[in-house]
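Enquirer:
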Amino acid sequence: MVWAVAITMFAMQARPIRAQAPPPGTVITGIPAGGDSVEQRRMGAEAGVRLVRSFDGLGAGFVGPHGAVALRNPSDNSLAVGRTHIVQTVNSQWAIFRKDGTPVYGPLPTNAVFKGFGGACEEVLSGDAVVRYDQLADRWLLVLPIFRRVAARTGAPGPRTARLVIPPAVTDSAVRPLPPRGSPDTVKGDYAMCYAVSATSNPLGAWHRYEFTRPLFPDYPRPAVWPDGYYVPTSTGDEVVEKHLCVAERRRMLRGLAARELCRIIPGVNFLNTADLDGRRVPAPGSPHLILAAGGTQLRGVVESAELQLWRFSVNWRDTSKTTLRGPQSIPVAPYRYLCGGQLTNCVPQPGTERRLDSQGDKLMPRLVYRRMGTHDAMVAVHSINTAQGTGGVRWYELRVSSAGDVTVHQQGTYAPDSLYRWLPSAAMDRFGNIGLGYSVGDQHTYPGQRFAGRTPQQHPGTLGLRETSLVNGAAPQTTTLRWEDYTQTAVDPVDDCTIWYVGDYLRAGATSYSTRIGAFRMPGCR
Numbered sequence: 184m185v186w187a188v189a190i191t192m193f194a195m196q197a198r199p200i201r202a203q204a205p206p207p208g209t210v211i212t213g214i215p216a217g218g219d220s221v222e223q224r225r226m227g228a229e230a231g232v233r234l235v236r237s238f239d240g241l242g243a244g245f246v247g248p249h250g251a252v253a254l255r256n257p258s259d260n261s262l263a264v265g266r267t268h269i270v271q272t273v274n275s276q277w278a279i280f281r282k283d284g285t286p287v288y289g290p291l292p293t294n295a296v297f298k299g300f301g302g303a304c305e306e307v308l309s310g311d312a313v314v315r316y317d318q319l320a321d322r323w324l325l326v327l328p329i330f331r332r333v334a335a336r337t338g339a340p341g342p343r344t345a346r347l348v349i350p351p352a353v354t355d356s357a358v359r360p361l362p363p364r365g366s367p368d369t370v371k372g373d374y375a376m377c378y379a380v381s382a383t384s385n386p387l388g389a390w391h392r393y394e395f396t397r398p399l400f401p402d403y404p405r406p407a408v409w410p411d412g413y414y415v416p417t418s419t420g421d422e423v424v425e426k427h428l429c430v431a432e433r434r435r436m437l438r439g440l441a442a443r444e445l446c447r448i449i450p451g452v453n454f455l456n457t458a459d460l461d462g463r464r465v466p467a468p469g470s471p472h473l474i475l476a477a478g479g480t481q482l483r484g485v486v487e488s489a490e491l492q493l494w495r496f497s498v499n500w501r502d503t504s505k506t507t508l509r510g511p512q513s514i515p516v517a518p519y520r521y522l523c524g525g526q527l528t529n530c531v532p533q534p535g536t537e538r539r540l541d542s543q544g545d546k547l548m549p550r551l552v553y554r555r556m557g558t559h560d561a562m563v564a565v566h567s568i569n570t571a572q573g574t575g576g577v578r579w580y581e582l583r584v585s586s587a588g589d590v591t592v593h594q595q596g597t598y599a600p601d602s603l604y605r606w607l608p609s610a611a612m613d614r615f616g617n618i619g620l621g622y623s624v625g626d627q628h629t630y631p632g633q634r635f636a637g638r639t640p641q642q643h644p645g646t647l648g649l650r651e652t653s654l655v656n657g658a659a660p661q662t663t664t665l666r667w668e669d670y671t672q673t674a675v676d677p678v679d680d681c682t683i684w685y686v687g688d689y690l691r692a693g694a695t696s697y698s699t700r701i702g703a704f705r706m707p708g709c710r
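When you line the sequence shown up against my numbering, it's residues 184 to 710, in that order.
#1: What residues in its chain sit with their C-beta under 6 Å from that of S602, if we drop five residues either side in the sequence?
#2: Leaving aside the five residues before and after G244 along the sequence, list all residues of the same chain whose C-beta is less than 7 Å from its C-beta, in chain order.
#3: Considering only residues of the region 432-494, which uninterrupted beta strand (DSSP E) runs meet the minimum length of 3 residues and lie entirely inside it, listed in chain order?
#4: I believe P549 touches R666 by the beta-carbon criterion, under 8 Å. Please report the beta-carbon distance rounded to the nearest angstrom.
#5: Under the rule that 16 or more other beta-carbon atoms within 10 Å means buried, what is V235, buried or exposed?
#6: Can you have a look at G338 and say buried or exposed, based on whether 16 or more other CB atoms are within 10 angstroms of its CB?
#7: To the nearest whole angstrom, what separates the beta carbons of M706 and N617, a pair I think is in contact under 8 Å?
#8: Helix, strand or coil, according to DSSP, for R201 in the structure here?
#9: At what residues does the alpha helix (DSSP H) containing E668 begin and finish?
#10: I need the DSSP call for F238, collapsed to helix, strand or coil.
#11: Just to confirm, are P167 and Q318 a CB contact at a threshold of 7 Å?
#12: Would you mind listing the beta strand (DSSP E) stretches within the region 523-580 that are 3+ residues and don't spill past its ends, in chain order?
#13: In three-state terms, what does DSSP make of A517?
#14: When the Cα atoms are used, what is the spatial distance from V423 to P401?
#15: Contact between the region 379-399 and the region 524-541 is defined here as three or more beta-carbon pairs at a separation below 8 Å; is this criterion met?
#16: Could you compute how far the alpha carbon of S567 sits from the alpha carbon of G621?
#17: If you draw a straight line from the C-alpha of Y414 to the C-alpha of T597, how long is it?
#18: Taking DSSP as the reference, what is the three-state secondary structure of V380?
#19: For the candidate residues D461, L327 and N453, whose alpha-carbon lies nearest to that of W494?
#20: Contact check, T396 vs Y374 under 8 Å by CB: the rounded distance?
#21: Quick one, are the C-beta atoms of T272 and A312 less than 7 Å apart?
#22: Once you ignore the five residues that flank R578 on each side, which residues in its own chain have a CB closer than 6 Å to its CB?
#23: Quick one: is G451 buried, meaning 16 or more other Cβ sit within 10 Å of its Cβ, or exposed?
#24: Taking just the CA atoms, how far does S497 sit from V485?
#25: Using a 10 Å radius around the Cβ and a threshold of 16 neighbouring Cβ atoms, would you call E651 buried or exposed?
#26: Does the pairing of the region 284-295 with the region 224-234 give three or more beta-carbon distances under 8 Å?
#27: In three-state terms, what does DSSP make of A659?
#28: By how many angstroms is the C-alpha of T671 removed from the C-alpha of G702?
#29: I'd like the span of the beta strand (DSSP E) that includes G619, first residue to last.
#30: Alpha carbon to alpha carbon, what distance is there between T570 and P215?
#31: What are the boundary residues of the alpha helix (DSSP H) that A728 is part of?
#32: To the nearest whole angstrom, what separates the beta carbons of C377 and C304, a pair I think is in contact under 8 Å?
#33: Looking at C-alpha atoms only, which residue of A587, D680 and G576 is the closest neighbour of D560?
#34: Under the rule that 16 or more other beta-carbon atoms within 10 Å means buried, what is Q481, buried or exposed?
#35: Let's test the definition: count the other Cβ atoms within 10 Å of the Cβ of S220 and tell me whether it reaches 16, buried, or not, exposed.
#36: Quick check: the Cα distance between P640 and K371, rounded to an integer number of angstroms?
In structure tokens, the structure reads:
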């Protein structure tokens, strides 16, 4: 494997071709062979999940200081929460809110943060933008992949650090058209990954900007915060059974200095998720970064498994030749089957239409949560699987990391309390060890919407004992495409380290495109 500095080199090539969705009439059902030994078939009875904030984010009908939002599908929902602001991205657009829901910036294209930087990061608007808040440094991280090959720079980039350009507010609500996506150029130049790190805790201030080029298609980025780097796994394309794992030099990026990105290709694997810190307690010095993937491989027809796969990534920035990636290690779990056989399948039914929605059932969903508690280190992982009733449920795991670095399953469960589909979950763990899950919900009688459930450490292992709470009920079906969200997103509020924010899609009555709803939940102990 070839490593490089600033410009990342790889040892193999991949085709950036998205798999074709089946025609609308094709229905892939998923009735598991046998039951699920950890399936929870009754809803938690305890009150305790409180919805303390709810407002619409970017989507159909949204109007911010800079007009209405131009939407692409899927939404690729991402959300980050700081001390005073919330930053949301949907596909190729972003906005900044106060915590009361007031928009103060946007909607604008995500590459607006690269104005004056030049090159692909300023000139190309691809989508799949993802945002994180680095609680360890009180900074914002915005990651933008470039899906078209671009020519090499002929000159130096613009200034690395620049203030966010805030255009004058507009008074009309007209939607500004987006530039066409264009077809990927698979012949000339390289792809790129763009990073923007805020210079302060104020997302409306200055940002440090970086562009790292790569020969492989950088789809579906899932950035994670770790003390020694920003870790970003990506897909090399839906028809390629390999993924790549990159890490950017966080400490130098926080200071606006020249920085490096290192990458490795992991062959024969599903989509990767990298451990993302919740809270301000950091892992023991020298702890490797942990990466998880679901077992099986959809492209090889293997859609059932009884394991998770684990890698350990140890980066040495002083001597990158000593950087190591070890794995995969198999972690035994209760057997599962990908919901509806995996991604890009006609899966979740809706009222009033034959159009079914995709479940992204082949992958662990963001985020892979890592939290250091007083007595142990914990991780929480989630994905969408088949249930005994032939619908969809949320499989969740709490894993424990020992002082020696061993990773084992502490508890696991499949949340399937009734015949509704529950899918595309996102997890968080608050400072009390409460686990919260947000997810999409729907079936042939229920328009797709968003709900939230959780558990306390005192409840019976493997169960979400806190009663499910609705964030938003859908009022219309999505009929234009099977792609639904691709992912939802949680974020823990750094002010109290226990309020859990969540965002997901729904459709308003009569709408033909998605809206998003942002909500904040608190569980027992959080005031």
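Virtual Cβ for every residue (Gly too), placed ideally from N, Cα, C.
Expert: Working from what's here:
#1: Here residue 602 is taken as the residue at index 419 of the sequence shown, counted from 1. Around S602: Q572 and T574.
#2: Sequence index remark: in the sequence shown, residue 244 carries index 61 (1-based). Excluding sequence neighbours, G244 sits near R691 and S698.
#3: 444-450, 456-460 and 472-477
#4: Here residue 549 refers to the residue found at position 366 when the sequence shown is read from its first residue. Here residue 666 refers to the residue found at position 483 when the sequence shown is read from its first residue. That pair is no contact at about 17 Å.
#5: For the purposes of this step, residue 235 is taken as residue 52 along the sequence shown, with counting starting at 1. Looking at its Cβ environment, which holds fewer than 16 other Cβ atoms inside 10 Å, V235 is exposed.
#6: Within the sequence shown, numbered from 1, the residue matching residue 338 stands at position 155. By the neighbour-count rule (16 or more Cβ atoms within 10 Å), G338 is not buried but exposed.
#7: Looking up residue 706 in the sequence shown gives position 523. Looking up residue 617 in the sequence shown gives position 434. Their Cβ separation, rounded to whole angstroms, is 4 Å, which keeps M706 and N617 in contact under 8 Å.
#8: Against the sequence shown, residue 201 aligns to sequence position 18. Legend: pLDDT at R201 = 36, less than 50; position of this residue unreliable, value from coordinates given subsequently. Note: R201 maps to coil in three-state DSSP.
#9: Here residue 668 refers to the residue found at position 485 when the sequence shown is read from its first residue. From DSSP, E668 is part of no alpha helix (DSSP H); its letter is neither H nor E.
#10: The residue you call residue 238 lines up with position 55 of the sequence shown. If DSSP states are grouped into helix, strand and coil, F238 belongs with the strands.
#11: With the chain covering 184 to 710 only, the question about residue 167 has no answer from this structure.
#12: 531-533, 536-540, 551-555 and 560-569
#13: Start at 1 with the first residue of the sequence shown, and residue 517 comes out as number 334. In the structure shown, A517 sits in a strand (DSSP, three-state: E or B).
#14: Your numbering for residue 423 matches position 240 in the sequence shown. Your numbering for residue 401 matches position 218 in the sequence shown. Answer to the nearest angstrom: the Cα atoms are 12 Å apart.
#15: no
#16: Within the sequence shown, residue 567 is the residue found at index 384, counting from 1. Within the sequence shown, residue 621 is the residue found at index 438, counting from 1. Roughly 12 Å between the two C-alpha positions.
#17: As a working note, residue 414 is residue 231 in the sequence shown. As a working note, residue 597 is residue 414 in the sequence shown. Taking the straight line joining both Cα atoms gives about 28 Å.
#18: In the sequence shown, the residue the question calls residue 380 occupies position 197. Strand, per DSSP.
#19: Here residue 494 refers to the residue found at position 311 when the sequence shown is read from its first residue. When only C-alpha atoms are compared, the closest one is N453.
#20: The residue labelled residue 396 in the question sits at position 213 within the sequence shown. The residue labelled residue 374 in the question sits at position 191 within the sequence shown. That belief holds up - the Cβ atoms of T396 and Y374 are roughly 7 Å apart, short of 8 Å.
#21: Residue numbering aside, residue 272 sits at position 89 when the sequence shown is read from its first letter. Residue numbering aside, residue 312 sits at position 129 when the sequence shown is read from its first letter. The answer is yes: Cβ separation under 7 Å.
#22: Walking along the sequence shown from the start, residue 578 turns up at place 395. So the qualifying residues of the chain are Y519, H566, I568 and T597.
#23: Against the sequence shown, residue 451 aligns to sequence position 268. G451 is exposed by the Cβ-count criterion.
#24: The residue you call residue 485 lines up with position 302 of the sequence shown. The residue you call residue 497 lines up with position 314 of the sequence shown. About 30 Å.
#25: By one-based count along the sequence shown, residue 651 stands at place 468. It is buried - the Cβ of E651 has at least 16 other Cβ atoms within 10 Å.
#26: no
#27: As a first step, residue 659 is located in the sequence shown; it is residue number 476 there, counting from the start. The answer is coil: DSSP assigns A659 none of H, G, I, E or B.
#28: Within the sequence shown, the letter at position 519 stands for residue 702. Within the sequence shown, the letter at position 488 stands for residue 671. Rounded to the nearest angstrom, the two C-alpha atoms are 12 Å apart.
#29: Indexing the sequence shown from 1 puts residue 619 at position 436. From DSSP, the beta strand (DSSP E) with G619 extends over I618 to D626.
#30: For the purposes of this step, residue 215 is taken as the residue at position 32 of the sequence shown. For the purposes of this step, residue 570 is taken as the residue at position 387 of the sequence shown. Because P215 carries a pLDDT of 43, less than 50, the predicted location of this residue cannot be relied on, and the following value inherits that uncertainty. About 7 Å.
#31: A query on residue 728 cannot be resolved here, the shown segment of the chain reaching from 184 to 710 and no further.
#32: Within the sequence shown, the letter at position 194 stands for residue 377. Within the sequence shown, the letter at position 121 stands for residue 304. At roughly 4 Å, the Cβ-Cβ gap stays under 8 Å, so C377 and C304 are in contact.
#33: For the purposes of this step, residue 560 is taken as the residue at position 377 of the sequence shown. Checked all of A587, D680 and G576; the closest Cα to D560 is A587.
#34: Counting from 1 along the sequence shown, the entry for residue 481 is found at position 298. Answer is buried; the Cβ neighbour count reaches 16.
#35: Counted from its first residue, the sequence shown places residue 220 at position 37. It counts as exposed.
#36: Here residue 640 is taken as the residue at index 457 of the sequence shown, counted from 1. Here residue 371 is taken as the residue at index 188 of the sequence shown, counted from 1. Distance between the alpha carbons of P640 and K371 is about 54 Å.
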